[in-house]
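Only one structure is covered here, and it is reproduced in the block below.
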């Protein structure tokens, strides 16, 4: 029997935790709960889940601080919950690396769909053995190199660590250099059949730019009025 993926739901609202946990259980997931970031961090230290659903505003330790602590040692996917949509820049911004977010109130069905989409993108990271270098699928343009089998991105030989979502977004641009993508086109390639806001894509782009800027590179160009293209000619 296949083991059910474990989801950790961290939120200080017990009613919301129960609603989300029920929806995830019905979808075939094993669900653990925590009422604040400190308790959630303790759970992760005991057993790393397949994905974390993480609220922002909580007592003891908020979701942003918990995310920072988790990211010190783990790249587990994180879907944030926020009561304010204008927090998206902080949630998915420069130092946090969240994979998706939902603004409250939200549909439990939509949350389940988002989680499934994120987990599908993350499965390749769990490959038990890396393929031989000769068999790796590599995309390269100028100093940017992306190994699709090993899930690694490089700028001038220096590795740039990306989340699963960021990797998919940049790979989509690299597969079609010169093409200007609308945000809707990027949503289709990155989020499959799940609809997200334009600001989610913008925040992922901002995060990618910051990471590559730290390595001395510029990889994404804004096409005003349309969207984005690869910045490497």
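Residue numbers (the numbering used here): 62 to 294.
For glycine and all other residues, C-beta sits at the position ideal for the given N, C-alpha and C.
- When DSSP states are grouped into helix, strand and coil, residue 290 belongs to the strand group.
- The DSSP-derived three-state label of residue 262 is helix.
- Secondary-structure assignment with DSSP links residue 216 through a beta bridge to 205, 219.
- Taking 8 Å as the cut-off, the beta carbon of residue 92 is found closer than this to the beta carbon of residue 68.
- Less than 8 Å divides the Cβ of residue 280 from the Cβ of residue 293.
- Around the beta-carbon of residue 107, fewer than 16 other beta-carbon atoms lie within 10 Å, marking it exposed.
- Sequence-distant Cβ neighbours of residue 116 in its own chain, meaning closer than 7 Å and more than five residues away, are 71, 72, 73, 124, 142.
- With respect to the 8 Å criterion, residue 140 and residue 175 are classified as neighbours on the basis of their beta carbons.
- Counting only the Cα atoms, residue 180 lies some 28 Å from residue 120.
- Taken in chain order, the unbroken stretches of beta strand (DSSP E) that lie wholly in the region 102–131 and span 3 residues or more are 112–116.
- Residue 141 is bridged by DSSP to 115, 162.
- For the pair residue 242 and residue 287, the Cα-to-Cα distance works out to about 7 Å.
- Sequence-distant partners of residue 232 (beyond 5 residues in either direction) whose C-beta falls short of 6 Å from its own C-beta, in its chain, are 207.
- About 7 Å separates the CB atoms of residue 247 and residue 289; that is less than 8 Å, so the two are in contact.
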